[in-house]
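Q:
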Amino acid sequence: MAQLVVVAENALLPGETHPRPAKLTVDLESGRIRNVQDGIVDIEDKDGVEILRVTDEDVLLPGLIDCHVHLNQPGRTDWEGFQTGTLAAISGGVTTLIDMPLNSIPPTTTVAHLNEKREEARRVGMSCDLGFWGGIIPGNSSELRGLLKEGVKGFKCFLIESGVEEFPCVGEEDLLEACNALEGTNALILFHAELDSSPSQSDTNSCEHPERYSTFLRSRPPALELDALSLILRFAKQFPSLRFHIVHLSASSALPVIQHAREEGMQNLTVETCFHYLTLSSEDIPENRTEYKCCPPIRDEVNRQALLQGVRDGIIDFVVSDHSPCTPELKKGDFLSAWGGVSSLGLGLQLLWTELGGQGQQDLPWGRIVDLLCARQAKQVGIDDRKGGLAIGKDADFVIFSPKQATHLEQSHLNFKNKMSPYVGKRLNGSVKATYIRGQQVWDGSQGKALDPKRGHFI
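6 is the number of the first residue of the sequence shown in this note's numbering; add one for each residue after it.
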């Protein structure tokens, strides 16, 4: 039986906060980890056994998971696609993606649309493993149980207009209908949590200086997120058999409310934030640099620091990219007219390590970083039996990361389709040396290329 034996001076194993020596044995036929042994053990070359040695300059981590990406295929493949998006993922050590139900055409709001999206992904091929979110829009509640049966990981909805006409936002009656349809299933409902209860509050047509980021920021105040949170909490109390999740939280003022709800016993509410909210501040955004525009918006430095503390305190459950790309043409113009979305797929590990890794007392140990980027996401979408850690029986998805290397990020380093990102020109700590899926190397960081471009499976 063909095997891969990984001998690592520094491996992050489940339950550990810091890497330690370990040996992993991988069954290459099944692609799963067959054995994990503490310490470094001398091994000899044997027929049918491949040996991979990870030096003490590098760290062996589980394959990362990003549960919030927009791959946009079919329909808007000029924005992104399954090939380019999954290639960008593996270049950053991400071995599993969960694709959002928009901005593809059609959106993933019916079983037929899900099958169409899967067939397209199967046709073009994927570099990493891929799952799908379903969507809740007005009038599709009869499709939700069917979508769940067909394997979607949950359902995304918008409480404010999404920006694309084929995925309209929902009101309270639509939500009630959807929750009634899903009651008792333990389904996960994801919210774009901005609720415009006062339309004039976010009316941007009369705003002066649209080239200034501050103008756009005023149009999406924290009150929109707090109003949405109030609605979500009511539904979470009313439907304890369902799970509720806030995507891309940007307003730190919501954190005490979330913490209080949990202290009062609410167990079915989770929350994520994004790399850009933890690493960027509104004060530093130049005029007309629309690659920084996203909804909800990047807020000020005080807010950023509060979100970082929310991560440290465990109020925020995990961190995602919300990779939401578009063509360069749609990013032209000012902050009020340009498409909103930050592109960062494949950069997350470097971004989080740069911000929170190994710099001082306020930083996180490796175990917490892996929880934020991997283990908690695997559990939330129900794939933790196969993904999310270097443990016996799990898929042999892992990353070799060089924490002491640094990268001055250039446009040529980006592997997603439209190479626009607010991180171009910035210095990032750490570098992905190699990515493996089911024991097979799919990315060579030293050469900057994929080695097995169609390795991905549906999950």
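Idealized CB from N, CA, C, for every residue including glycine.
1. Comparing C-alpha positions only, which one of Ala183, Cys184 and Trp371 sits nearest to Pro24?
2. Count the C-beta pairs between the segment 311-324 and the segment 377-386 that are closer than 8 Å, then say yes if the count reaches three, no if not.
3. Measuring straight from C-alpha to C-alpha, what distance separates Ser205 and Pro67?
4. In whole angstroms, what is the alpha-carbon distance linking Pro19 and Leu231?
5. Give, in chain order, every unbroken run of the beta strand (DSSP E) that is at least 3 residues long and sits entirely within the segment 81-113.
6. Is the beta carbon of Leu414 closer than 8 Å to that of Gly430?
7. Between Arg81, Leu395 and Val252, which has its C-alpha nearest Leu69's C-alpha?
8. If Asp134 sits next to Ile464, beta carbons under 8 Å apart, how far is it from one beta carbon to the other, in whole angstroms?
9. Near Val447, which residues of its chain fall below 7 Å by C-beta distance, leaving aside the five closest residues on each side in sequence?
10. In three-state DSSP terms, what is His23?
11. If you draw a straight line from the C-alpha of Pro226 to the C-alpha of Ser255, how long is it?
12. Would you list the one or two residues that DSSP bridges to Pro301?
13. From which residue to which residue does the alpha helix (DSSP H) around Ala186 run?
14. Using DSSP with H/G/I as helix, E/B as strand and the rest coil, what is Cys174?
15. Consult DSSP for Thr209 and reduce its assignment to one of helix, strand or coil.
16. If you drop the 5 nearest sequence neighbours on each side, which residues of the same chain put their C-beta closer than 8 Å to that of Phe87?
17. Quick one: residues in its chain with C-beta nearer than 6 Å to the C-beta of Asn308, no 5 flanking neighbours on either side, listed in chain order?
18. Report buried or exposed for Gly189, applying the criterion of at least 16 other Cβ atoms within 10 angstroms of its Cβ.
19. Apart from the five residues on each side of it in sequence, which residues of its chain come closer than 6 Å, Cβ to Cβ, to Leu222?
20. How about Leu274 and Phe249: do their beta carbons lie closer than 8 Å?
21. Note down the Cα distance separating Arg304 from Leu229, rounded to an integer number of angstroms.
22. Under the rule that 16 or more other beta-carbon atoms within 10 Å means buried, what is Thr22, buried or exposed?
23. Go ahead and pull the three-state DSSP assignment for Glu62.
24. Check the C-beta distance from Ser407 over to Gly435 and give it rounded, since I have them as a contact under 8 Å.
25. Classify Ile45 as helix, strand or coil using the three-state DSSP reduction.
26. Mind checking Arg443: buried by the 16 CB within 10 Å criterion, or exposed?
27. Among residues of its own chain, excluding the 5 on either side of Asp368, which ones have a beta-carbon nearer than 7 Å to its beta-carbon?
28. What residue range is occupied by the uninterrupted alpha helix (DSSP H) comprising Ile263?
29. Hey, is the segment 140-155 in contact with the segment 101-115, meaning 3+ C-beta pairs nearer than 8 Å?
30. By Cβ distance, which residues of its chain are closer than 6 Å to Asp402, with the 5 residues on each side in sequence left out?
31. Using only the alpha-carbon positions, how far apart do Trp84 and Phe421 sit?
32. Using a 10 Å radius around the Cβ and a threshold of 16 neighbouring Cβ atoms, would you call Glu49 buried or exposed?
33. Taking DSSP as the reference, what is the three-state secondary structure of Phe244?
34. Applying the criterion that 16 or more other CB atoms from any shown protein chain within 10 Å of the CB defines a buried residue, is His197 buried or exposed?
35. Within 10 angstroms of its Cβ, does Ala16 collect 16 or more other Cβ (buried), or is it exposed?
A: Result, derived from the coordinates:
1. Considering only alpha carbons, the answer is Trp371.
2. When C-beta atoms of the segment 311-324 are compared with those of the segment 377-386, three or more pairs fall below 8 Å, so the two segments count as touching.
3. Unreliable positioning characterises Ser205 in this predicted model, as indicated by a pLDDT of 46, which lies under 50. The coordinate reading is nonetheless provided below. Each residue's alpha carbon lies about 47 Å from the other.
4. 35 Å
5. 99-104
6. yes
7. Leu395
8. The beta-carbon distance between Asp134 and Ile464, rounded to whole angstroms, is 5 Å. This is short enough to meet the 8 Å contact definition.
9. Ile95, Ser132, Thr440, Tyr441, Ala455, Leu456, Asp457 and Arg460
10. In the three-state reduction of the DSSP assignment, His23 falls in the coil class, being assigned neither a helical nor a strand state.
11. In a straight line, the C-alpha of Pro226 is about 10 Å away from that of Ser255.
12. Note: Pro301 sits in no beta bridge, so no partner.
13. Glu177 to Leu187
14. coil
15. Its pLDDT being 45, under 50, Thr209 is placed unreliably in this model, and the value from its coordinates should be taken loosely. Three-state result, Thr209: coil.
16. Leu76, Gln78, Glu125, Ala126, Val129, Gly130, Met131 and Leu135
17. Answer for Asn308: Ser257, listed in chain order.
18. With a threshold of 16 other beta carbon atoms within 10 Å, Gly189 falls short and is exposed.
19. For Leu222, where only same-chain residues beyond five positions count, the Cβ hits under 6 Å are Ser287 and Pro302.
20. The criterion of a C-beta distance shorter than 8 Å is satisfied by Leu274 and Phe249.
21. 13 Å
22. It is exposed - the Cβ of Thr22 has fewer than 16 other Cβ atoms within 10 Å.
23. In the structure shown, Glu62 adopts coil according to DSSP, grouped into three states.
24. 6 Å
25. In the structure shown, Ile45 sits in coil (DSSP, three-state: anything other than H, G, I, E or B).
26. buried
27. Leu361 and Gly362
28. Note, Ile263: alpha helix (DSSP H), Leu260 to Glu268.
29. yes
30. Gly68, Thr100 and Ile442
31. 9 Å
32. exposed
33. Coil at Phe244, not helix or strand.
34. buried
35. buried
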